[in-house]
Amino acid sequence: MTRTIMVDATEQVVCPKCSHAFALSEGISRQTIERYAGEFEQALAARRKQLEAELAAEAKRRAEREAAQQLDALKGELAAAQAAAKASKDQLQKAREEASAAAKEQYETDLRAAREALAAKDSTLAGLRNAELAVRRELLELRERAQSQELEFQRKLDEERKRIEASARSAIGEEFSQKEARLRAQIESAQREAADLKRKLEQGSQQTQGEALELGLEAMLHGAFPMDEIQPVPKGVNGADLLQRVRSPSGQLCGTIVWEAKQTKNWQAAWVQKLKDDQQTVGAEIAVLVTSAMPKDQSGRSGEPFVRESDVWVTRFDAARPLAEALRVTLLEMHKLRQANLGRSEKMELLYNYICSPQFAQRVKSVVEGFEAMRRDLEAEKASMTRIWKKREMQLTRMTTGMLGVVGDLQGIGREGMAQLDSIAALPDVGQEEATEFESDAGK
């Protein structure tokens, strides 16, 4: 092993023989000095590199220790952030499930109510359509019967006139008077028959009137017809409740309607005959039974708003006012016809003229307008339900957007350490899911 000794060039050296002192540089040749100076520089550079390597190693060890400490701290922060993210995820899932369950329950409730209302409207509309069809059939039958009876009446009238003319030439005055009396009796009979057909026709055409507010029967009649006399049935008459004496604008009595109200759950056929007896007792032209329990038809259903049972009108409370208006108009029209046609012998012509009149066309038009009004109400209800569902959809969308914003903030804090929140960020839009379910249910 070679050892290097570094000596200053100015160091004094003593000669062992003569004891002469001189500088070291004086005793060493220039070449030697330069040679040892180069070795010294190399040794110094090597030492410098060694020291720099030792310092770099020490700095690296110190940096590794500090990095390890910082890594441990970051791992602790990451674990805390992951725990907070898991708690937020659980809260988000719970809130989403609760919101979805509440929205679904409310949606099902609204949808069920809307379907029930729609079914009720459809049932009422079907009943009105059936009533209109029945009225049209009855009108056609009555028109044909009226024409046939008018023709038969004219034939009999011509034959009777011929017989009377032939008999008048040869018979005495008494026989002529008897034949004339028989002819007049036949004419009066035909007139009564025409009046009956007229009454049936007008009463049948009122079966398609609309619904009115559910008010008390007596209060409704007082408010709807202030010109009429609404009074209780006289004492001693059982069953009926009210008498409506219909009066014209001039104050003339045009007819009487007897009303009876039944607020029971089950229909009883005996009510009809009992009310007919009360009608005969008070001398009323029309009898109306208002009840919450309607009679059932041959199919076992009782969904019609009003029906006619044995010449007695049976109606629900909600249809009592339109039916009352129709019957009142019928009495007024019959009174006008009686006043305008006193002394006329051909009543069948009146019936034919009424069928061909603008008033009859207006009555039929009112039926169609009732259908259109009901259809518009149904469309308005559908639009209202659509607005409610759209509002709830927007609320759920805002809730989902807020929770997704929280997840995004947590991911920004944790960076790559929050990868487990990616599944929450990719959750579908709750509002879109509800809208898709609604469209699917509406399509069904």
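FYI, the numbering for the sequence shown is 27 to 470, going by the working numbering.
Note that the Cβ used here is the ideal one computed from N, Cα and C, for glycine as well.
Treat the numbers as computed from the prediction; the structure is a model and nothing was measured.
Exercise for the section: Just mark Ile10 as buried or exposed, buried being the case when its beta carbon has 16 or more other beta carbons within 10 Å. Expected result: This structure cannot speak to residue 10, because the chain is shown only from 27 to 470.
Exercise for the section: Just mark Glu185 as buried or exposed, buried being the case when its beta carbon has 16 or more other beta carbons within 10 Å. Expected result: As a position in the sequence shown, residue 185 is number 159, starting the count at 1. Exposed is the call here.
Practice task
Compute the beta-carbon to beta-carbon distance between Thr290 and Ala319, rounded to the nearest angstrom, for a pair I have assumed lies under 8 Å.
Solution key: Numbered from 1 along the sequence shown, position 264 holds the residue referred to as residue 290. Numbered from 1 along the sequence shown, position 293 holds the residue referred to as residue 319. About 6 Å separates the beta carbon of Thr290 from that of Ala319, a gap short enough to meet the 8 Å contact definition.
Problem - CB of Asp267 within 8 Å of CB of Ala287, strictly - result: On the sequence shown, position 241 is the one that residue 267 refers to. On the sequence shown, position 261 is the one that residue 287 refers to. Using a Cβ distance threshold of 8 Å, Asp267 and Ala287 count as a contacting pair.
Exercise for the section: Measure the C-alpha to C-alpha separation of Arg141 and Leu430 and round it to an integer number of angstroms. Expected result: Sequence index remark: in the sequence shown, residue 141 carries index 115 (1-based). Sequence index remark: in the sequence shown, residue 430 carries index 404 (1-based). When only Cα atoms are considered, Arg141 and Leu430 end up about 35 Å apart.
Exercise for the section: Would you kindly report the start and end of the unbroken alpha helix (DSSP H) that includes Glu244? Expected result: Along the sequence shown, read from residue 1 onward, the residue named residue 244 stands at position 218. In the DSSP assignment, Glu244 falls within the unbroken alpha helix (DSSP H) covering Leu243 to Ala250.
Exercise for the section: Quick one: give me the first and last residue of the beta strand (DSSP E) that Pro258 is part of. Expected result: As a working mapping, residue 258 is identified with position 232 in the sequence shown. Element bounds for Pro258: Glu255 to Pro258.
Exercise for the section: Any chance you could list the alpha helix (DSSP H) runs of at least 4 consecutive residues sitting entirely within the stretch 285-330, in chain order? Expected result: Within the stretch 285-330, the complete alpha helix (DSSP H) segments at least 4 residues long are 296-308, listed from N- to C-terminus.
Problem - Sequence-distant residues of its chain with Cβ nearer than 6 Å to Gln38 (five each side left out) - result: Along the sequence shown, read from residue 1 onward, the residue named residue 38 stands at position 12. Result list for Gln38: Ala47, in chain order.
Practice task
State the start and end residues of the unbroken alpha helix (DSSP H) segment that holds Gln365.
Solution key: As a working note, residue 365 is residue 339 in the sequence shown. Ala346 to Ala366 is the extent of the alpha helix (DSSP H) around Gln365.
Handout entry: For Ala145, the three-state DSSP class (helix, strand or coil)
Key = Walking along the sequence shown from the start, residue 145 turns up at place 119. DSSP places Ala145 in the helix class (H, G or I) of the three-state scheme.
Practice task
Below 8 Å on the Cβ atoms is my guess for Leu315 versus Val340; work out the distance and round it to an integer in Å.
Solution key: Residue mapping note: residue 315 aligns to position 289 of the sequence shown, counting from 1. Residue mapping note: residue 340 aligns to position 314 of the sequence shown, counting from 1. Leu315 to Val340, Cβ: 5 Å. Contact.
Practice task
Buried or exposed for Glu419, please, with buried defined as at least 16 other CB atoms from any protein chain shown within 10 angstroms of its CB.
Solution key: Stepping through the sequence shown from its first residue, residue 419 is reached at position 393. Burial is judged here by how many other beta carbons sit within 10 angstroms of a residue's own beta carbon; Glu419 has at least 16 and is buried.
Exercise for the section: Starting from Phe332, trace the beta strand (DSSP E) both ways and give me its first and last residue. Expected result: Position 306 of the sequence shown, counted from the first residue, corresponds to residue 332. That run of the beta strand (DSSP E) goes Phe332 to Glu335.
Problem - Outcome for Asp116 when other beta-carbon atoms lying within 10 angstroms are tallied against a minimum of 16 - result: Mapped onto the sequence shown, residue 116 falls at position 90. Asp116 should be labelled exposed.
Practice task
Please confirm whether Val272 and Ile256 have their CB atoms less than 8 Å apart.
Solution key: Indexing the sequence shown from 1 puts residue 272 at position 246. Indexing the sequence shown from 1 puts residue 256 at position 230. It is not a contact, given that the beta carbons lie outside the stated cut-off.
Problem - Test: Glu351 CB closer than 8 Å to a CB of chain B - result: Chain labels in this structure do not include chain B; a single protein chain is all it has.
Exercise for the section: Taking 8 Å as the cut-off, decide whether the C-beta atoms of Trp285 and Gln305 are in contact. Expected result: As a position in the sequence shown, residue 285 is number 259, starting the count at 1. As a position in the sequence shown, residue 305 is number 279, starting the count at 1. One thing to note: Trp285 has its Cβ no nearer than 8 Å to the Cβ of Gln305.
Problem - DSSP three-state assignment for Ala266, whether helix, strand or coil - result: Here residue 266 is taken as the residue at index 240 of the sequence shown, counted from 1. Coil.
Problem - According to DSSP, residues forming a beta bridge with Ala47 - result: Taking the sequence shown and counting its residues from 1, one reaches residue 47 at position 21. Paired residue(s): Val40.
Practice task
Look up Val340 in the DSSP assignment and give the residues it is bridged to.
Solution key: As a working mapping, residue 340 is identified with position 314 in the sequence shown. DSSP output for Val340 lists Leu315 and Val333 as bridge partner(s).
Handout entry: Pick from Glu90, Leu247 and Phe66 that is closest to Ala345, judged by C-alpha positions
Key = Position 319 of the sequence shown, counted from the start, is the residue given in the question as residue 345. Nearest option by C-alpha distance: Leu247.
Exercise for the section: Figure out for me which residue from Trp293, Gln385, Leu166 and Lys300 has the closest Cα to the Cα of Thr317. Expected result: Start at 1 with the first residue of the sequence shown, and residue 317 comes out as number 291. Of the candidates Trp293, Gln385, Leu166 and Lys300, the one whose C-alpha sits nearest the C-alpha of Thr317 is Trp293.
Exercise for the section: Determine the DSSP secondary structure at Gly281, reduced to helix, strand or coil. Expected result: What you label residue 281 is simply residue 255 of the sequence shown in a count that begins at 1. In this structure, DSSP gives Gly281 an extended state, which the three-state scheme calls strand.
Problem - Counted within 10 angstroms of its Cβ, other Cβ atoms place Glu178 as buried (16 or more) or exposed - result: Within the sequence shown, numbered from 1, the residue matching residue 178 stands at position 152. Around the C-beta of Glu178, fewer than 16 other C-beta atoms lie within 10 Å, and the residue is accordingly described as exposed.
Handout entry: Residues bridged to Val272 [DSSP beta-bridge criterion]
Key = The count along the sequence shown starts at 1 and reaches residue 272 at position 246. Its beta-bridge partners are Gly281.
Problem - Residue closest to Ala250, alpha-carbon to alpha-carbon, out of Ala157, Thr307, Glu351 and Lys188 - result: Stepping through the sequence shown from its first residue, residue 250 is reached at position 224. The shortest C-alpha separation from Ala250 is found at Glu351.
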